[in-house]
Amino acid sequence: MNKYLDIALEVQEALENRRPVVALESTIISHGMPYPQNVETAIHVEQVIRDYGAVPATVAIIGGRLKCGLTREEIEYLGKKGTDIVKCSRRDIPVAISKKLDGATTVATTMIIANMAGVKIFATGGIGGVHRGAEQTMDISADLEELGQTPIMVVCAGAKAILDLGLTLEYLETKGVPVIGYGTEELPAFYTRRSGFRVDYQLDTPKELAEAFAAQRGSGLHTGMLVANPIPEEYSMDGEAINGAINEAIKEAAEKGIHGKETTPFLLAKVKDITGGDSLEANIQLVYNNAKIAAQTAVELCNL
1 MNKYLDIALE
11 VQEALENRRP
21 VVALESTIIS
31 HGMPYPQNVE
41 TAIHVEQVIR
51 DYGAVPATVA
61 IIGGRLKCGL
71 TREEIEYLGK
81 KGTDIVKCSR
91 RDIPVAISKK
101 LDGATTVATT
111 MIIANMAGVK
121 IFATGGIGGV
131 HRGAEQTMDI
141 SADLEELGQT
151 PIMVVCAGAK
161 AILDLGLTLE
171 YLETKGVPVI
181 GYGTEELPAF
191 YTRRSGFRVD
201 YQLDTPKELA
211 EAFAAQRGSG
221 LHTGMLVANP
231 IPEEYSMDGE
241 AINGAINEAI
251 KEAAEKGIHG
261 KETTPFLLAK
271 VKDITGGDSL
281 EANIQLVYNN
291 AKIAAQTAVE
301 LCNL
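At position 134 of the sequence shown (counting the first as 1) the number is 134 in our numbering, and the numbers step up by one without a gap.
1) In angstroms, rounded to a whole number, what distance separates the CA positions of T174 and T168?
2) At the level of alpha carbons, what is the spacing between G183 and T192?
3) Where are the beta strand (DSSP E) runs, 3 residues long or more, that stay fully inside the region 101 to 125, in chain order?
4) Since I believe G53 is in contact with P20 (beta carbons under 8 Å), could you give me their beta-carbon distance rounded to a whole number of angstroms?
5) In whole angstroms, give me the CA-to-CA distance for A57 and A8.
6) Helix, strand or coil for Q149, going by three-state DSSP, please let me know.
7) Does G69 come out as helix, strand or coil in the three-state DSSP assignment?
8) What are the boundary residues of the beta strand (DSSP E) that includes A60?
9) Please report the Cβ distance between A23 and V59, rounded to the nearest whole angstrom; I am assuming they are in contact, meaning their Cβ atoms lie under 8 Å.
10) Tell me the residue span of the beta strand (DSSP E) that contains D139.
11) If I measure Cβ to Cβ from H131 and keep anything under 8 Å in the same chain, skipping five residues before and after, which residues do I get?
12) How far does the alpha helix (DSSP H) with V11 in it extend, from its first residue to its last?
13) Determine the DSSP secondary structure at D6, reduced to helix, strand or coil.
14) Mark G196 as exposed unless 16 or more other C-beta atoms lie within 10 angstroms of its C-beta, in which case mark it buried.
15) Using CA atoms only, rank isn't needed, just tell me which of A117, R198, K99 and G218 is closest to L304.
16) Quick check on R193: does DSSP put it in helix, strand or coil?
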């Protein structure tokens with residue numbers, strides 16, 4: 001057991017008894033939306049996972065402790081502090097621990113902590129990736145590096161639509177990460193169901209996902225697996241409208257000199273403003289949908 005890690009009792013008991021567990025990130029709580037909507041969403045995501053037969057394990061860093069599984073009070077605390085909490089990726093973990101800081105975990109850091117605890121499946125909204133213009137800026141999310149070295153299944157709605165999706169897929173291929181379309185041959189683009197880019201494989205049931213992941217683990221491969229689950233049809237946004245909003249947000253970010261880990265929160269907030277809040281509702285619904293598929297897959301994995 002890692003001496004810096006705290007596993008919630010419910011999560012620990014589930015792991016010891018080979019019951020399904022699904023990890024959740026905390027950046028969506030502190031940086032994804034305003035209070036109290038962020039807390040309400042986080043609690044509801046946990047309930048979706050319970051409804052489909054698994055135990056939720058929301059991940060964060062609190063007072064320098066790596067947490068796998070949070071109490072309601074801890075979720076409330078993160079939600080109220082919001083963007084005052086450090087957004088923690090892999091590079092931030094040592095100082096967050098040594099300085100006893102609070103940290104909201106990104107996809108990469110959630111994967112690390114979940115893997116320490118023994119949780120195999122993680123549900124999120126969308127992963128980070130290669131940013132548009134990365135050939136000049138070299139702005140590539142640490143999420144991709146983590147997928148290349150940490151054996152966790154990540155269920156998402158594709159890469160965030162603010163990214164260069166084609167280059168993101170190329171990067172994942174280089175890292176040996178299989179990109180699985182859940183019921184689709186095409187990579188979903190977060191707010192929309194289609195991107196024009198093909199995934200590596202299409203699988204159509206949670207049992208198939210579990211079998212593929214078990215084969216990956218059993219064969220000694222230490223990469224992650226990315227499952228791209230399209231946003232439900234009724235919440236999918238118009239592709240032309242959302243891309244127009246994204247292009248406008250990217251232009252403003254460049255004009256303001258915003259870069260690094262501040263880029264994604266700025267762009268998502270700007271797109272929300274431009275779309276009149278429609279993008280936030282879409283974001284919430286796709287997270288619920290991913291939690292459902294992740295829980296169903298976790299159950300099937302335990303049944304193998």
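Don't be surprised by glycine CBs; every beta carbon is placed ideally from N, CA and C.
In terms of the structure at hand:
1) In the sequence shown, the residue the question calls residue 174 occupies position 174. In the sequence shown, the residue the question calls residue 168 occupies position 168. Cα-Cα distance, rounded: 10 Å.
2) Numbered from its first residue, the sequence shown carries residue 183 at position 183. Numbered from its first residue, the sequence shown carries residue 192 at position 192. The straight-line gap from Cα to Cα measures roughly 15 Å.
3) 103 to 105 and 121 to 123
4) Sequence index remark: in the sequence shown, residue 20 carries index 20 (1-based). Sequence index remark: in the sequence shown, residue 53 carries index 53 (1-based). That belief holds up - the Cβ atoms of P20 and G53 are roughly 6 Å apart, short of 8 Å.
5) Looking up residue 57 in the sequence shown gives position 57. Looking up residue 8 in the sequence shown gives position 8. Answer to the nearest angstrom: the Cα atoms are 8 Å apart.
6) Residue 149 sits at position 149 when you count from the first residue of the sequence shown. DSSP places Q149 in coil when its eight states are reduced to three.
7) Residue mapping note: residue 69 aligns to position 69 of the sequence shown, counting from 1. It is coil, neither helix nor strand.
8) Sequence index remark: in the sequence shown, residue 60 carries index 60 (1-based). From DSSP, the beta strand (DSSP E) with A60 extends over V55 to I62.
9) Against the sequence shown, residue 23 aligns to sequence position 23. Against the sequence shown, residue 59 aligns to sequence position 59. Indeed they touch by this definition, with Cβ atoms about 6 Å apart.
10) The residue labelled residue 139 in the question sits at position 139 within the sequence shown. Counting along the chain, D139 falls outside any beta strand (DSSP E), and DSSP gives it neither H nor E.
11) Residue mapping note: residue 131 aligns to position 131 of the sequence shown, counting from 1. Taken in chain order, the residues that qualify are T137, D139, I140, S141, I162, L163, D164 and T263.
12) Locating residue 11 in the sequence shown gives position 11, counting from the first residue. From DSSP, the alpha helix (DSSP H) with V11 extends over L9 to E16.
13) By one-based count along the sequence shown, residue 6 stands at place 6. For D6, the secondary structure class from DSSP, reduced to helix, strand or coil, is strand.
14) Within the sequence shown, numbered from 1, the residue matching residue 196 stands at position 196. Its Cβ having fewer than 16 others within 10 Å, G196 is exposed.
15) In the sequence shown, residue 304 corresponds to position 304, counting from 1. Checked all of A117, R198, K99 and G218; the closest Cα to L304 is G218.
16) Position 193 of the sequence shown, counted from the start, is the residue given in the question as residue 193. If DSSP states are grouped into helix, strand and coil, R193 belongs with coil.
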